[in-house]
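*Asks:* Here's a structure for you.
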Amino acid sequence: MIIWLAAVAGVQFVGSAGLGLLVAALLLQTPALVGRWWSFVWRARWLLLTLWLILAYNTPGEALHDLAWAPTFEGVAEANMQAARLVTMLACLAWLFQRLGHEGVVGGLWGLLQPVRFMGVDIERIVVRLSLVLENLEAPMEKGSWKRMLRDQPSVPGGRTSLQLSLAPWMRRDTVLVAISGLGLIGAALL
Numbered sequence: 243m244i245i246w247l248a249a250v251a252g253v254q255f256v257g258s259a260g261l262g263l264l265v266a267a268l269l270l271q272t273p274a275l276v277g278r279w280w281s282f283v284w285r286a287r288w289l290l291l292t293l294w295l296i297l298a299y300n301t302p303g304e305a306l307h308d309l310a311w312a313p314t315f316e317g318v319a320e321a322n323m324q325a326a327r328l329v330t331m332l333a334c335l336a337w338l339f340q341r342l343g344h345e346g347v348v349g350g351l352w353g354l355l356q357p358v359r360f361m362g363v364d365i366e367r368i369v370v371r372l373s374l375v376l377e378n379l380e381a382p383m384e385k386g387s388w389k390r391m392l393r394d395q396p397s398v399p400g401g402r403t404s405l406q407l408s409l410a411p412w413m414r415r416d417t418v419l420v421a422i423s424g425l426g427l428i429g430a431a432l433l
């Protein structure tokens, strides 16, 4: 989970070559993540389009082909880069779910949130809510079901009544991986 957080943060500091290398490394390590990654990109298609249009048309610069209604060169470049970063972050998320699964992600979040417990944050509630969201995301939605959810009171017949967490013990290799991901994040920020 920490490696994923470092990768997502590092994506903001690298260019297109770094993004390509990260995606290539993810695909070489876990070739089976292509289907899940494509599913995430497909679900985010309207977000990607909206992001691209906003950045392409609202970034000042020289208009494409000197047309008043066209986006700017600089806007298109910035829009392409931000869309590529989002698609790369979705690849990292697909890798995380492929590697850890639903229970592993929930358990990892539980472990990462332990230090903020002293500030009065109810991490049990956060973990249970995330678990429910992840469970609902795995089931494909019917067309138009969002309208029914807004109109009706949602009911969950036969849903889970308890959540079991199994936490893996911390190992020496975990410390090494956290150190390597931290150094990689610092290196990406300094580039």
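The opening residue of the sequence shown carries number 243 in the numbering used here; numbering runs sequentially from there. All C-beta atoms in this analysis are idealised placements derived from N, C-alpha and C, irrespective of residue type, glycine included.
To which residues of the same chain is asparagine 218 closer than 8 Å at the C-beta, ignoring the five residues directly before and after it?
*Replies:* Because the chain is modelled from 243 through 433, residue 218 falls outside the range shown and cannot be assessed.
*Asks:* With a threshold of 16 other CB atoms inside 10 Å of the CB of methionine 331, please say whether the residue is buried or exposed.
*Replies:* Methionine 331 comes out buried.
*Asks:* Quick one, are the C-beta atoms of threonine 314 and alanine 305 less than 7 Å apart?
*Replies:* A contact, by the Cβ cut-off of 7 Å.
*Asks:* Take leucine 419 and list the residues in its own chain whose beta-carbon comes closer than 7 Å to its own, dropping the five residues that flank it on each side.
*Replies:* Taken in chain order, the residues that qualify are Ile245.
*Asks:* Under 8 Å: do the region 333 to 348 and the region 271 to 282 share three or more Cβ pairs, one atom per stretch?
*Replies:* Flag = yes, the region 333 to 348 and the region 271 to 282 touch.
*Asks:* Assuming contact is defined by CB atoms lying nearer than 7 Å, are leucine 290 and alanine 325 in contact in what I supplied?
*Replies:* In this structure, alanine 325 lies closer than 7 Å to leucine 290 by Cβ.
*Asks:* Mind listing, in chain order, the continuous alpha helix (DSSP H) runs of no fewer than 4 residues lying wholly within the region 282 to 311?
*Replies:* You should have 287 to 300.
*Asks:* Which of the three DSSP states, helix, strand or coil, is assigned to threonine 314?
*Replies:* Reduced to three states, the DSSP call for threonine 314 is strand.
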